[in-house]
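Read the structure below first, then the notes.
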Amino acid sequence: MNKLTFLLFSALLLNFNTDSAWYLQSSGTTQTLNSVYFTSSNTGYAVGNNGVILKTTDKGAAWNTMVLGTTSNLNSVRFIDEQHGFVVGDNVFLKTNNGGATWVLNTTSLNYSVKSVFFVNQNTGFAAGGNGTISKTTNGGTSWSAFLAEPYAMFTSLYFTNLSTGFVVGLTGKYLKTTDGGNSWFTKYADASKNYYTVQFVDENTGYIVGGWVNSTVMKSVNSGDNWINLFSNAFGVRLYSGSFINAENGYVCGRYGTILRTSDGGSSWINETSGTSAFLYGIHYLNDQTAYAVGDGGTILSTVSVIGIHQISSNIPSEFSLSQNYPNPFNPTTKIKFSIPLVGVAYMRPVQMIVYDALGRKVTELVNHELSPGTYEVDFDAGNLSTGTYFYRLEAGDFIKTMKMIIVK
């Protein structure tokens, strides 16, 4: 489905009143990010392709790259408390017992592409992925027992409500449930025409499945997964890749073209949020009433929390576009960039983009990608993840394009 069709479907089927803003954060990477998880209001992790794992301790104001010793694609990150966390990927399992300060790498026990990990406690956990395989550990991931739950299936997500009851979903409408701690699974087809990408239960009875192929799918169960209701019975045309719910009523889902949808009534209605990006979004974590994070293509990290980033420093309407030299320059590791947006034509809001490039012209990060009203703005840029060298930042706003040089010295 092309983007125009997607927009037409959106206008017909969704409530477009938005009351949440999403802010682009500087991830310091251009690798695709597949999963995000926060253990507290300040501390969170994001994982992605080529062994990328990022950590923040300041709500995403700065994301620091952690060295793991693997170049495997990492698909899922989950913590059971602030100290104990787990990451899985293509033939790899990682574990930390100290809040990510160090990680133990295991590349032998899970020898398949693992898409999802879920630990019920520090010892008992489950993993699922390619080849129709579900694995279980009872010793914190030191060793795993694997069995073929569904031949040729690709499982994408699993979730347990207690030590006994768990659920796993996958492509082509695969949905399995266990009531004996994973020793046996029985198969159901909630809707065989769809691909399912995430499953989550908010209590013993209420759960959600998110996915889609041509059209979106969000399904809800109120009887522990025995029956499911398709909340998008009127087809909505964009694939959804992830969902996160804080209770039976409130949740987010995300997917292609920067799509983020929010519900506050258990899925009866959905609000299409303005994400400010067209990147595909593969992971989302709804932390509390005010805070959510989403990650995706090109190192994209979005948050409903405004940390450093864009600040409007004057609402006086400038007479012309401008982009100032960053200050200080040279700098280590933070600097400020000021720019002005005038009122041009009849459109009050204007799409504005600011991108940082290295000396070879490669995109390093995206500092701004929003519709902004006329005024003067300042961007805080943290280059803590970048090496010494010359970089360029470019502002694009309609026909106005300007590039400036800055120097990082460490």
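Throughout the sequence shown, residue numbering follows the working numbering, covering 595 to 1004 in sequence. Don't be surprised by glycine CBs; every beta carbon is placed ideally from N, CA and C. This structure is a prediction, so every number in the text was calculated from the model and none was measured.
- Message: Judging by CA-CA distance, which residue of Val682, Ile647 and Asn756 is the nearest neighbour of Ala721?
- Response: Val682
- Check the DSSP bridge columns for Glu990 and list the partner residues they point to. Gln947 and Ile995
- Task: Specify the secondary structure class of Thr766 as computed by DSSP and reduced to three states.
- Result: helix
- Evaluate the contact criterion for the segment 906-915 versus the segment 967-980: three or more CB pairs, one atom per stretch, below 8 Å. yes
- Rounded C-beta distance between Asn643 and Asn658? I'm assuming under 8 Å. Wrong, their Cβ atoms sit about 18 Å apart, outside the cutoff.
- Quick one: Cα of Ser634 to Cα of Glu914, how far? 43 Å
- Can you name the start and end residues of the beta strand (DSSP E) that Glu960 belongs to? Lys957 to Leu966
- His905: first and last residue of the uninterrupted beta strand (DSSP E) it sits in: Ile904 to Ser908
- Message: Taking the alpha-carbon of Gly978 as reference, which of Leu618, Ala656 and Leu855 has the nearest alpha-carbon?
- Response: Ala656
- Item | Member of Asn715, Ser729 and Asp891 whose CA lies at the smallest distance from the CA of Ser621 | Asp891
- Item | DSSP-derived helix/strand/coil call for Arg856 | strand
- Item | Integer-rounded CB distance, given that Val762 should sit under 8 Å from Ile728 | 6 Å
- Any chance the segment 679-697 sits against the segment 707-727, with 3 or more Cβ pairs inside 8 Å? yes
- Query: The beta strand (DSSP E) spanning Gln619 covers which residue range?
  - Reply: Tyr617 to Gln619
- Query: Going by other Cβ atoms of all chains shown within 10 Å of its Cβ, with 16 needed for buried, is Thr871 buried or exposed?
  - Reply: buried
- State yes or no: is the C-beta of Arg856 within less than 9 Å of the C-beta of Leu875? no
- Considering only C-alpha positions, which residue in the set Ser778, Thr773 and Ser758 is nearest to Leu742? Ser778
- Would you kindly check if the distance between the Cβ of Lys788 and the Cβ of Thr759 is under 9 Å? no
- Message: Quick check on Arg672: does DSSP put it in helix, strand or coil?
- Response: strand
- Message: Suppose you measure from the CA of Leu989 to the CA of Asn920; what does that come to, to the nearest Å?
- Response: 12 Å
- Among Thr894, Arg956 and Leu980, which residue has its Cα nearest to the Cα of Pro927? Leu980
- When the distance is taken between beta carbons, is Ala888 closer than 9 Å to Ser836? yes
- Thr731, enclosing beta strand (DSSP E) - first and last residue: Thr727 to Thr731
- Three-way DSSP call (helix, strand, coil) for Phe603 in this model: Here the model assigns Phe603 a pLDDT of 40, short of 50, so the residue's position is not dependable and the matter cannot be decided.
- Message: Report the CB separation of Val630 from Ala615 in whole angstroms; it is logged as a contact under 8 Å.
- Response: Actually they are not in contact, since the Cβ atoms of Val630 and Ala615 sit about 18 Å apart, beyond 8 Å.
- Out of curiosity, what's the CA-to-CA distance linking Leu752 and Tyr769? 10 Å
- Message: Between Leu966 and chain D, is any beta-carbon pair separated by less than 9 Å?
- Response: Among the chains of the structure shown, chain D does not appear; only one protein chain is present.
- Roughly how many angstroms separate the alpha carbons of Phe839 and Asn817, rounded to a whole number? 17 Å
- Query: Do Met748 and Lys709 have their CB atoms nearer than 9 Å?
  - Reply: yes
- Item | CA nearest to the CA of Phe975, picked from Pro924, Asp993 and Phe994 | Pro924
- Task: Taking only runs that begin and end inside the segment 641-707, name each unbroken beta strand (DSSP E) of 3 or more residues, in chain order.
- Result: 647-650, 668-673, 679-683, 686-690 and 698-700
- Task: Could you spell out the range, first to last residue, of the beta strand (DSSP E) harbouring Lys930?
- Result: Thr928 to Ile935
- Message: Check this for me: beta carbons of Thr732 and Thr750, under 9 Å apart or not?
- Response: no
- Message: Check this for me: beta carbons of Ile931 and Ser916, under 9 Å apart or not?
- Response: no
- Query: So what does DSSP say about Gly892, is it helix, strand or coil?
  - Reply: helix
- Item | Check whether Ile674 and Asn715 have beta carbons under 9 Å apart | yes
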